[in-house]
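Below is one structure, written out as structure tokens, with a few remarks after it.
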Amino acid sequence: MKNKYAVRKNSHWVKCLVFISFIFSVTNAYAGQTVDEIIKEYYPIYNEAKQCRGIMANNGSSDGEGALYQNGYCIKIDRQLKVETRQGTRLYVSVTGDIGFNEDGSEAYGVHVFSGLVGMFVLKPQGSGWEV
Numbered sequence: 346m347k348n349k350y351a352v353r354k355n356s357h358w359v360k361c362l363v364f365i366s367f368i369f370s371v372t373n374a375y376a377g378q379t380v381d382e383i384i385k386e387y388y389p390i391y392n393e394a395k396q397c398r399g400i401m402a403n404n405g406s407s408d409g410e411g412a413l414y415q416n417g418y419c420i421k422i423d424r425q426l427k428v429e430t431r432q433g434t435r436l437y438v439s440v441t442g443d444i445g446f447n448e449d450g451s452e453a454y455g456v457h458v459f460s461g462l463v464g465m466f467v468l469k470p471q472g473s474g475w476e477v
């Protein structure tokens, strides 16, 4: 009699665990991000003066003693291309950046010898959004 009760009790817990894991899997299916949320994750700085998302990086110049100068690069989405592949839908997003602000946040005026930035994200569908 005790064993029959124990089996029912354990069966109940197994059903509960299966249900909870199902809820988490459904929730995660809709946890995709928008392209802007993904860009924000990789380029976390927002410069109010230039109204751009960006990142601090070496600008290609130095003080002559090995220390590299940094500037803030304003990043923008250059192109987006959605492609159907054998592995499923992919969204290719290319981003470019030019010097836009100094370390203190003030507007920077780049010159033609400063380097720019380029990047690419390959995203796949995740629920109603995208993931890297």
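According to the numbering used here, the residues represented by the sequence shown are 346 to 477, in order. For glycine and all other residues, C-beta sits at the position ideal for the given N, C-alpha and C.
Of the residues the options, which one's Cα is nearest the Cα of residue i?
i	options	result
L413	N403, P470 and K421	N403
S460	E382, V380 and S406	S406
V438	T430, M465 and E393	M465
N416	T379, G450 and K427	G450
D381	Q396, K421 and D408	K421
Y418	I383, E476 and V440	V440
T430	V467, D408, M401 and G474	V467
M401	K427, Q425 and Y387	Y387
Less than 8 Å between the beta carbons of residue i and residue j, yes or no?
i	j	result
P470	G433	yes
G472	G377	yes
G442	A453	no
I383	V477	yes
Please name the residue or residues paired with residue i in a DSSP beta bridge.
i	result
V477	According to DSSP, which records beta bridges pairwise, V477 is partnered with nothing at all.
For a test of the three-state rule: what should DSSP assign to residue i, helix, strand or coil?
i	result
E452	strand
G464	strand
Distance cutoff 8 Å, beta carbons only. Does residue i sit that close to anything in chain B?
i	result
I420	Reference to chain B is not applicable here, since this structure consists of a single protein chain.
Every unbroken alpha helix (DSSP H) inside the region 377 to 446 [4 residues or more]: 380 to 387
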